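Residue 810 in the numbering used here sits at position 316 of the sequence shown; the count goes up by one each step and never skips.
See below for the structure under consideration.
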Amino acid sequence: MTGGLPVLIAGGGIGGLATALGLARKGIRSILLEKAASLGEIGAGIQLGPNAFHAFDYLGVGEAARGMAVYIDQLRLMDALTADEITHVDLGDDFRARFGNPYAVVHRGDLHGVFLKACRDSALINLHVSSEVVRYEQDGSSVTAQLAGGEHVSGSLLIGADGLWSNVRKQVTADGPPRVSGHTTYRSVIPTEQMPKDLRWNAATLWAGPKCHIVHYPLSGWKVFNLVVTYHNDAPEPVAGKPVSEDEVMQGFRHVHERAREIIRHGKNWRLWVLCDRDPTERWIDGRVALLGDAAHPMLQYFAQGACQAMEDAVCLSHMLDAHKEDHEAALEAYRAQRFPRTARVQLLSRAIGEHIYHPDGEHARLRNAIMSAKSQEEWCRDLAWLYGGTGLNS
Ligand SMILES: Cc1cc2nc3c(=O)[nH]c(=O)nc-3n(C[C@H](O)[C@H](O)[C@H](O)COP(=O)(O)OP(=O)(O)OC[C@H]3O[C@@H](n4cnc5c(N)ncnc54)[C@H](O)[C@@H]3O)c2cc1C
Numbered sequence: 495m496t497g498g499l500p501v502l503i504a505g506g507g508i509g510g511l512a513t514a515l516g517l518a519r520k521g522i523r524s525i526l527l528e529k530a531a532s533l534g535e536i537g538a539g540i541q542l543g544p545n546a547f548h549a550f551d552y553l554g555v556g557e558a559a560r561g562m563a564v565y566i567d568q569l570r571l572m573d574a575l576t577a578d579e580i581t582h583v584d585l586g587d588d589f590r591a592r593f594g595n596p597y598a599v600v601h602r603g604d605l606h607g608v609f610l611k612a613c614r615d616s617a618l619i620n621l622h623v624s625s626e627v628v629r630y631e632q633d634g635s636s637v638t639a640q641l642a643g644g645e646h647v648s649g650s651l652l653i654g655a656d657g658l659w660s661n662v663r664k665q666v667t668a669d670g671p672p673r674v675s676g677h678t679t680y681r682s683v684i685p686t687e688q689m690p691k692d693l694r695w696n697a698a699t700l701w702a703g704p705k706c707h708i709v710h711y712p713l714s715g716w717k718v719f720n721l722v723v724t725y726h727n728d729a730p731e732p733v734a735g736k737p738v739s740e741d742e743v744m745q746g747f748r749h750v751h752e753r754a755r756e757i758i759r760h761g762k763n764w765r766l767w768v769l770c771d772r773d774p775t776e777r778w779i780d781g782r783v784a785l786l787g788d789a790a791h792p793m794l795q796y797f798a799q800g801a802c803q804a805m806e807d808a809v810c811l812s813h814m815l816d817a818h819k820e821d822h823e824a825a826l827e828a829y830r831a832q833r834f835p836r837t838a839r840v841q842l843l844s845r846a847i848g849e850h851i852y853h854p855d856g857e858h859a860r861l862r863n864a865i866m867s868a869k870s871q872e873e874w875c876r877d878l879a880w881l882y883g884g885t886g887l888n889s
């Protein structure tokens with residue numbers, strides 16, 4: 495199938511690096527082309543469901559990834575108007591036994607570093623920075639990526655792991671820019687000693703209020719707390735990483751309980767993102783070219799699954815390319831057919847939980863509280879089994 499040529503991967507985020515590793519585990523060479531001048535991740539925390547740990551093991555980085563995670567005890571949902579707990583999901587022994595893996599939180603930079611080191615250690619992976627893929631051409635035997643600097647790189651396949659604003663997707667799917675959700679997210683990381691003492695919980699905590707929510711959890715061996723607060727303010731334009739004042743952040747939270755507002759007051763160096771996603775589409779493949787991760791299925795972060803799904807994609811794609819060694823069309827189609835329904839479900843449900851769990855008001859919020867507080871731990875595990883029991887190979 496590969497005719498001796500390596501697989502090209504556009505993008506060196508978690509999805510691209512995971513793909514390079516997955517291919518290397520199957521003996522397939524790759525050239526990874528990253529647009530930025532250096533390989534790294536911006537932003538702080540990331541939550542990892544048990545499905546992410548399956549991917550780490552499959553990709554050969556299980557031990558390193560486990561070593562830098564913080565293992566939280568609960569997913570906790572608070573009512574941001576009353577400061578009362580609505581419900582929680584226990585992540586202890588029963589949860590781990592049920593899904594065969596833990597739930598954890600990690601620093602993005604640490605996780606990216608684990609993948610990057612493993613890629614650098616592999617003789618089958620070639621990493622190139624300052625290499626933006628602007629378009630591709632293909633014929634019966636190869637695909638050629640054209641870089642922004644004018645160079646051309648040829649490979650057997652091209653995997654577009656180039657994120658939300660993917661150039662590869664522009665050609666494969668040609669469905670225009672992403673959808674601006676109108677939700678503005680502000681992120682900050684604070685030293686643990688600056689987090690209110692009575693809120694230093696070993697949990698991923700979410701305070702849900704009308705049109706807004708606040709998330710916090712410990713990171714980096716409990717040295718810092720990650721704060722992510724989101725306000726549905728109908729923001730019209732995409733924005734990424736703009737520094738903003740505490741006053742601006744607070745605007746969307748004047749109506750919530752003082753205890754929730756206090757968390758925001760402890761934030762420092764806030765930065766703003768206006769969130770985007772897309773409607774699911776099955777058009778991920780064009781001949782020798784396939785999309786992966788956010789390039790294929792960008793989603794709101796409300797299930798905390800974008801990176802987890804990108805890693806599952808990498809597992810599935812590597813498996814299929816190995817299983818259909820002589821037939822790239824069959825391999826890419828099997829990958830798409832397996833991954834599309836699952837990722838589409840996460841995309842659409844991420845929007846739905848934003849509307850029905852994170853941001854409702856009045857009767858809608860009271861209904862949420864009544865339904866969610868009545869659930870047993872067994873019911874939570876059953877409800878989440880489709881998501882956390884996935885591996886990229888079985889769904
Ligand atoms: C606020 C927030 C919180 C989140 N929390 C979680 C969480 O808790 N758990 C979770 O699993 N997910 C979470 N996510 C989602 C997760 O961050 C993304 O889904 C994931 O990082 C996608 O990885 P990716 O490799 O597909 O894309 P990206 O991380 O966007 O990587 C794309 C890479 O491609 C490069 N690139 C772009 N264009 C080109 C090009 N044309 N040529 C070459 N290189 C290119 C970029 O520089 C970048 O390095 C969150 C997202 C947000 C916004």
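Just so it is clear, CB atoms sit at the ideal spot from N, CA and C, and this is done for glycine as well.
All values derive from a computational prediction rather than experimental measurement.
- Annotation: Val840 to Phe589 spans about 20 Å, alpha carbon to alpha carbon.
- Closest in alpha carbon position to Trp767, among Asp728, Glu752 and Ala817, is Asp728.
- The beta carbon of Leu569 sits closer than 6 Å to those of Val583 and Ala698, all from its chain and outside the five residues before and after it, given in chain order.
- One thing to note: Ser844 has its Cβ no nearer than 7 Å to the Cβ of Met805.
- Cβ atoms of Ala531 and Val623 come within 8 Å of each other, at about 6 Å.
- Contact annotation: Asp669 and Val662 have beta-carbon atoms that are not nearer than 7 Å.
- Relative to ligand 1, Leu527 has its C-beta within less than 6 Å of a heavy atom.
- Per DSSP, reduced to three states, the secondary structure at Asp588 is helical.
- Annotated three-state conformation of Val840 is helix, per DSSP.
- Exclusion of Gly498 from the 6 Å shell around ligand 1 follows from its C-beta lying no nearer than that to any non-hydrogen atom of the ligand.
- DSSP places Ala864 inside the alpha helix (DSSP H), whose first and last residues are Gly856 to Ser867.
- Around the Cβ of Gln688, a 10 Å sphere holds fewer than 16 other Cβ atoms; the residue is exposed.
- Between Val718 and Ala574, the CB-CB gap reaches or exceeds 7 Å.
- Per DSSP, reduced to three states, the secondary structure at Lys691 is helical.
- DSSP, read as helix, strand or coil, puts Tyr711 in strand.
- Under the 10 Å beta carbon count, Ser635 is surrounded by fewer than 16 other beta carbons and is classified as exposed.
- The C-alpha of Asn863 is placed about 45 Å away from the C-alpha of Asp780.
- In this structure, Ala514 sits near Ile619, with a CB-CB distance shorter than 7 Å.
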